[in-house]
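First the structure, in the form of structure tokens, and then the observations on it.
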Amino acid sequence: MKQTLLSIIFIASSLLLFGQESNCKCFNGIGSSEGDNPSFTIEFKNGIILSVCGYELEKVAQNEIRITEFNVFNCKTGESLVEFGAVQTCNVKSDKNELIITELEYLPAGKNWKWKLIPIRKQIIKETGNDVVVLPFQKAFVRNDIDQAETEQFLKELENLKGKGFNNDFENIIGKLEVLALNNNSIAENILINFEKYFNFELDGAYAEQWIDAKATLRWINK
646 MKQTLLSIIF
656 IASSLLLFGQ
666 ESNCKCFNGI
676 GSSEGDNPSF
686 TIEFKNGIIL
696 SVCGYELEKV
706 AQNEIRITEF
716 NVFNCKTGES
726 LVEFGAVQTC
736 NVKSDKNELI
746 ITELEYLPAG
756 KNWKWKLIPI
766 RKQIIKETGN
776 DVVVLPFQKA
786 FVRNDIDQAE
796 TEQFLKELEN
806 LKGKGFNNDF
816 ENIIGKLEVL
826 ALNNNSIAEN
836 ILINFEKYFN
846 FELDGAYAEQ
856 WIDAKATLRW
866 INK
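The C-terminal residue of the sequence shown carries number 868 in our numbering, and the numbering is unbroken.
Spelled out as structure tokens, the structure:
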């Protein structure tokens, strides 16, 4: 009897594990291949299971991860519901029967211009009847107080650099201008938008990409 009971438990456990694996694998995506184990899964009350597959960066909490270059798949159909690229870093978490994806941007938004990840926008996937729905992006950026003395000193430094061409500190300068512009500083916004004219220098490479992304983020937040 004991041996029979152990056999039943073993078979049930095997079926459970098989069910989990067969119902919740990754598919071919920008950060995964078919059959990979997902970094994160969520099962909705209607029985639909989603898998988050990509390059996991950090486990933030029991119900939250930080990830880049990833897809969110419907485990049953293999359909990709959303996709985020390699230049996008997101926190993905489950909360109240929803999958919440918060896109982050690395900016000098901390004290003394310390670089850190801050929320920019979020997208929610939730169940609807026997299906799931992907809601439009919502703003997640929260304006914060920037030290006035630091702001004034930075803008004064920029006055001395106006029209002088290339500067080795352009990465920090663009980042600080974006932070100030996002926090409604009109002077910083004007300099950011007219960056090349202000500094008398045509950006290329990584600086150009950073500048273009900064303007795009600002337009999205202000729309």
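Note that beta-carbon positions come from the ideal geometry of N, C-alpha and C, so glycine has one too.
Beta-carbon proximity list for residue i, same chain, < 7 Å, skipping 5 on both sides
| i | result |
| --- | --- |
| Trp856 | Ile819, Phe840 and Leu848 |
| Asn828 | Arg788, Asn789 and Ile791 |
| Ile838 | Lys860 |
| Tyr843 | Lys807 and Ile836 |
| Gln783 | Arg766 and Lys767 |
Selected residue, minimal CA-CA separation from residue i, among the options
| i | options | result |
| --- | --- | --- |
| Lys890 | Leu749, Asn828, Asn835 and Val717 | Nothing in the structure corresponds to residue 890, since the chain is present only between 646 and 868. |
| Asn867 | Asn736, Ile746 and Val787 | Val787 |
| Asp776 | Ser677, Leu752, Glu797 and Cys720 | Cys720 |
| Glu816 | Gln783, Glu854 and Ser684 | Glu854 |
| Trp760 | Phe811, Asp740, Thr773 and Val824 | Val824 |
| Phe689 | Asp858, Asn830, Gly774 and Ser677 | Gly774 |
| Lys801 | Phe782, Trp758, Lys771 and Ile832 | Ile832 |
| Leu762 | Thr722, Glu703, Ser696 and Asn742 | Glu703 |
| Asp740 | Lys771, Ser725 and Cys669 | Lys771 |
| Gly723 | Glu797, Ser696 and Gln733 | Ser696 |
| Asp814 | Arg864, Lys670, Ile693 and Pro753 | Pro753 |
Cβ-Cβ separation, residue j to residue i (assumed contact under 8 Å), whole Å
| i | j | result |
| --- | --- | --- |
| Thr713 | Gly699 | 6 Å |
Cβ neighbour criterion (16 or more within 10 Å) applied to residue i
| i | result |
| --- | --- |
| Asn716 | buried |
| Ser667 | Confidence at Ser667 is low in this model, with a pLDDT of 45, below 50, so its placement is unreliable and the value that follows should be read with caution. Its Cβ having fewer than 16 others within 10 Å, Ser667 is exposed. |
| Val615 | A query on residue 615 cannot be resolved here, the shown segment of the chain reaching from 646 to 868 and no further. |
| Phe799 | buried |
| Leu780 | exposed |
| Phe718 | buried |
| Tyr678 | Here residue 678 turns out to be Ser, not Tyr, going by the sequence shown. The residue is exposed, with fewer than 16 neighbouring Cβ atoms inside 10 Å. |
| Asn845 | exposed |
| Ala851 | exposed |
| Asn805 | exposed |
| Asn757 | exposed |
Sequence-distant residues of the same chain with beta carbon closer than 6 Å to residue i, five excluded per side
| i | result |
| --- | --- |
| Lys738 | Asn708, Glu709 and Ile745 |
| Ser834 | Note that residue 834 corresponds to Glu in the displayed sequence, not to Ser. Closer than 6 Å at the Cβ level, and outside the excluded window around Glu834, lie Ala826. |
Contact set for residue i: own chain, Cβ-Cβ below 8 Å, skip 5 residues either direction
| i | result |
| --- | --- |
| Thr862 | Glu750, Ile765, Glu823 and Leu827 |
Any chain C beta carbon closer than 7 Å to residue i
| i | result |
| --- | --- |
| Phe786 | Within the model displayed, chain C is absent; a lone protein chain is all it includes. |
Handout entry: Cβ contact (3+ pairs, closer than 8 Å) linking the segment 722 to 732 and the segment 785 to 795
Key = no
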